[in-house]
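What follows is a short report on a single structure.
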Amino acid sequence: MTPLLDVDGVTLQYKTRDQLVTATYRVGFRVEPGDRFVVLGPSGCGKSTLLKAVGGYLTPVEGTIRLKGERVTRPGPDRMMVFQEFDQLLPWKTVRENVAFPLLVSGTCARPAALERAREYLAKVNLGEYADRYPHTLSGGMKQRVAIARAMAMQPDVLLMDEPFAALDALTRRKMQDELLELWDGIGFTMIFVTHSIAEAIKVGSRILLLSPHPGQVKAELASVPRDGADPDAARRLEARIHEMLFADTVEADLARA
Amino acid sequence: MRAPEAQAAPARPERIVETVDASGLAVATAPLTPWETIANNDALRKLAILVVLAVIWELYARRLNNQLLVPTFSATVQAFVAGVLSGELPLRVWLSIKVLLIGYGAGVLIAAVLTALATTTRIGSDLLETLTAMFNPLPAIALLPLALIWFGLSPLSLAFVLIHSVLWPVALNTHSGFVSVSPTLRMVGKNYGLRGLRYVALILIPAAFPSILTGLKIGWAFAWRTLIAAELVFGVQSGSGGLGWYIVNNKNVLDIPNVFAALFTVILIGLAVENGIFRTIEARTIRRWGMATS
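Each protein sequence line maps, in turn, to chains A and B.
Remember, our numbering sits 12 above the position in the first sequence when you count from 1.
Remember, our numbering sits 5 above the position in the second sequence when you count from 1.
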């Protein structure tokens, strides 16, 4: 059976002003329906670039990305993205219109149905009463919740989240992680979640893909700890294990330099 | 920074405080005095300045007592009212505005085409940057002699210089607005599957609207000045024209209050467009969206 998303031997390169940077080298993984698939790595491991390639913004120089067996060639609303930046909402539209807009322009629903679905998903992220406000009047955490509602209302095949909570304060971030898991319990979507925080990866993910830096290569694909909390030490042990895997590189690099 | 002789502060007991429910407390607000209410009104303050200026003008003109140099404020208002009532002034205004709107509209349209080219192709962008660098510093009125040779004494000549004065600021501002649309918003638009014209209309134009509006405002001011200046030259030759012609004509017969009344009209129209039209558009768009810079 074909997996929902099949990333196979993907090498990604992008040009800066004076050089060609290889962001990832022959990265491969598969995402199944219902996965909370976390891509974890230090800065410079090309995890965001990898997510943008899945989003269709970037074409691999080698390897293929297939969604439901179809090759990904361009961005599309079947892979809704949630970005890190707070300015991802369209400032000229109200919160409700922001959520309804992709449904309308992609021809998914007519206007009344789109507005109704927007209302429904805004209620799911507890922002029902802010539906008619403009984005600039919301806090950072609220803006990210709108962006999540907007992406989920499209009911995409896979939700792509590019460090969506990285710009939030620590308390808000924890609350958002809990809310995201509650939403997953309620709706059961598939997502790829990029982060550089080991704790966040363990908390949010069901599977964790570990990338090494410069260029990004797959180091490991781990199962996260069960969420029932039966073994309270499991998360701590996994965190230590991941930390050691990522840290080993730094030690080697330091030794090589010495 | 620590003073060298500083020691660690002595240990203090911890504090845990039960907060009381303070939600029922009234928020202290003092009602504004009538004077403060008046002083807080922008329009009233500006009106007060205008009244003071008018009084100074009136007093100075009365002391000078020379209608040929500076007519009094009251004489100017009289000439203005007489001009409006006789239908002469409204006719001149209409003739000016008609040409202005044609030139402004054409200028904005050409700017849209140029900017579209510049946004979609690199050579278009080079073309726009080169043309703007060349023609933006060139005063539109300097092209009037050429226009008169090419198009003769027709409104086409006026339209030509007007287009020149509108085109470059509008194109420049719109293009720089498009260029500075944030990469995140661009990716959001692409994510929705928007491409081509729909992408420009639904994402780029609203996102760049603050710059576009600035361009339109600057374009309007340039066009209005250029028109009056052009009419001063052009109107004399064509025999009948708009406000600029009215000014020259009245100067020639030494009816100075009418000259002042025409200048007064130019100012009034400028204020009406700036405060009436552009302010309203701003309040309904970029201010409501939180995109205004000031």
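Every residue, glycine too, gets a C-beta built ideally from N, C-alpha and C.
Any C-beta of chain D under 9 Å from that of residue i
i, result
"B/Arg-293", "No chain D appears in this structure, whose protein chains are A and B."
Amino acids of chain B, ordered along the chain, whose beta-carbon sits closer than 9 Å to that of residue i
i, result
"A/Trp-104", "Pro-211, Ala-212, Phe-214, Thr-290, Ile-291, Arg-293, Trp-294 and Met-296"
"A/Tyr-69", "Met-192, Lys-195 and Asn-196"
"A/Pro-72", "The premise fails here: A/Pro-72 is roughly 18 Å from chain B at the closest Cβ pair, so nothing lies under 9 Å."
Span of the beta strand (DSSP E), counted from its first residue to its last, around residue i
i, result
"A/Leu-52", "48-52"
"A/Arg-38", "32-43"
"A/Val-22", "17-27"
"B/Gly-247", "First-last for B/Gly-247: undefined, no H or E at that position."
"A/Leu-79", "74-79"
Within chain B, the residues that residue i reaches when beta carbons sit closer than 7 Å
i, result
"A/Met-173", "Simply none; closest approach about 13 Å."
"A/Met-92", "Asn-196"
Within chain A, the residues that residue i reaches when beta carbons sit closer than 7 Å
i, result
"B/Ser-187", "Asp-99"
"B/Leu-259", "Those within 7 Å of B/Leu-259 in chain A number zero; the least Cβ separation is about 54 Å."
"B/Leu-199", "Val-117"
"B/Leu-207", "Val-117"
Presumed contact (8 Å Cβ cut-off) between residue i and residue j, rounded CB distance
i, j, result
"A/Val-84", "A/Gly-58", "About 17 Å; that fails the 8 Å criterion."
"B/Ala-116", "B/Thr-179", "6 Å"
"A/Leu-250", "A/Val-51", "Between A/Val-51 and A/Leu-250 the Cβ distance is about 16 Å, and since that is not below 8 Å, they are no contact."
"B/Val-171", "B/Gly-108", "7 Å"
"A/Thr-76", "A/Asp-20", "5 Å"
"B/Val-166", "B/Ala-235", "5 Å"
"B/Pro-215", "B/Ala-297", "7 Å"
"A/Met-166", "A/Thr-120", "7 Å"
"A/Glu-44", "A/Leu-16", "6 Å"
"A/Gly-198", "A/Arg-48", "That pair is no contact at about 14 Å."
"A/Arg-157", "A/Leu-139", "6 Å"
Option nearest residue i by Cα separation, candidates the options
i, options, result
"A/His-255", "A/Val-158, A/Ala-232 and A/Leu-116", "A/Ala-232"
"B/Asn-141", "B/Leu-158, B/Trp-173 and B/Thr-81", "B/Trp-173"
"A/Ser-60", "A/Ala-35, A/Ile-220, A/Ala-246 and A/Leu-180", "A/Ala-35"
"A/Ala-159", "A/Gln-96, A/Ala-178, A/Arg-185 and A/Pro-124", "A/Gln-96"
"B/Gly-247", "B/Ala-213, B/Leu-96 and B/Val-113", "B/Leu-96"
"B/Val-60", "B/Ile-43, B/Leu-73 and B/Thr-81", "B/Thr-81"
"A/Ala-143", "A/Arg-123, A/Glu-175, A/Lys-105 and A/Val-117", "A/Lys-105"
"B/Leu-94", "B/Leu-74, B/Asn-263, B/Ile-282 and B/Ile-217", "B/Asn-263"
"A/Phe-225", "A/Leu-62, A/Val-237 and A/Pro-168", "The question names Phe, but residue 225 of chain A in the sequence shown is Pro. Answer by Cα proximity: A/Leu-62."
"B/Leu-302", "B/Ile-146, B/Ser-162, B/Ala-145 and B/Ile-217", "Since the first residue of chain B shown is 6 and the last is 299, residue 302 of chain B is not available in this structure."
"A/Ala-163", "B/Gly-194, B/Leu-114, B/Ser-185 and B/Asn-257", "B/Gly-194"
"B/Ile-353", "B/Leu-232, B/Gly-182 and B/Leu-105", "Any answer about residue 353 of chain B is impossible in this case: the structure gives chain B only from 6 up to 299."
"A/Leu-24", "A/Asp-18, A/Leu-32 and A/Pro-168", "A/Leu-32"
"B/Val-86", "B/Phe-269, B/Phe-283 and B/Thr-285", "B/Phe-269"
"A/Phe-177", "A/Phe-205, A/Glu-194, A/Leu-195 and A/Phe-201", "A/Phe-205"
"A/Pro-2", "A/Tyr-37, A/Asp-18, A/Lys-27 and A/Val-22", "Residue 2 of chain A lies beyond the range of chain A shown here (13 to 270); nothing can be said about it."
"A/Tyr-133", "A/Arg-248, A/Arg-186, A/Val-111 and A/Leu-150", "A/Val-111"
"B/Ile-272", "B/Val-25, B/Leu-177, B/Arg-50 and B/Val-98", "B/Val-98"
"A/Lys-136", "A/Ala-125, A/Tyr-146 and A/Met-154", "A/Met-154"
Limits of the alpha helix (DSSP H) - the one that residue i falls within
i, result
"B/Glu-41", "39-44"
"A/Gly-152", "152-165"
"B/Pro-163", "The residue asked about is misnamed: residue 163 of chain B is Leu in this sequence, not Pro. From DSSP, the alpha helix (DSSP H) with B/Leu-163 extends over 160-184."
"A/Thr-207", "Segment 203-207 is the beta strand (DSSP E) holding A/Thr-207; no alpha helix (DSSP H) there."
"A/Asp-174", "Unbroken run through A/Asp-174 is the beta strand (DSSP E), 171-174; no alpha helix (DSSP H)."
"A/Thr-184", "182-199"
"A/Asp-99", "Here A/Asp-99 belongs to no alpha helix (DSSP H), and DSSP marks it neither H nor E."
"B/Pro-150", "149-156"
"A/Arg-131", "123-136"
"A/Ser-60", "59-67"
"B/Arg-17", "Neither: B/Arg-17 is in no alpha helix (DSSP H) and is coded neither H nor E."
"A/Arg-145", "Here A/Arg-145 belongs to no alpha helix (DSSP H), and DSSP marks it neither H nor E."
"B/Lys-2", "In the structure displayed, chain B extends from 6 to 299; residue 2 of chain B sits before or after that span and is not available."
"B/Asn-263", "261-276"
"B/Thr-135", "127-140"
Neighbouring residues, chain B, relative to residue i (Cβ below 8 Å)
i, result
"A/Tyr-146", "Arg-293, Trp-294 and Gly-295"
"A/Phe-95", "Thr-189, Met-192 and Val-193"
"A/Pro-114", "Asn-196 and Tyr-197"
"A/Pro-89", "Asn-196, Tyr-197 and Gly-198"
> Could you give the uninterrupted runs of the beta strand (DSSP E) lying entirely in the region 60-97 of chain B, keeping only those of 3 residues or more?
Replying inline: none
> Fully enclosed by the region 211-266 of chain A, which beta strand (DSSP E) runs are 3 residues long or longer?
Replying inline: 219-224 and 229-235
> Can you list the alpha helix (DSSP H) stretches of 4 or more residues lying completely in the region 200-244 of chain B, in chain order?
Replying inline: 201-204 and 214-243
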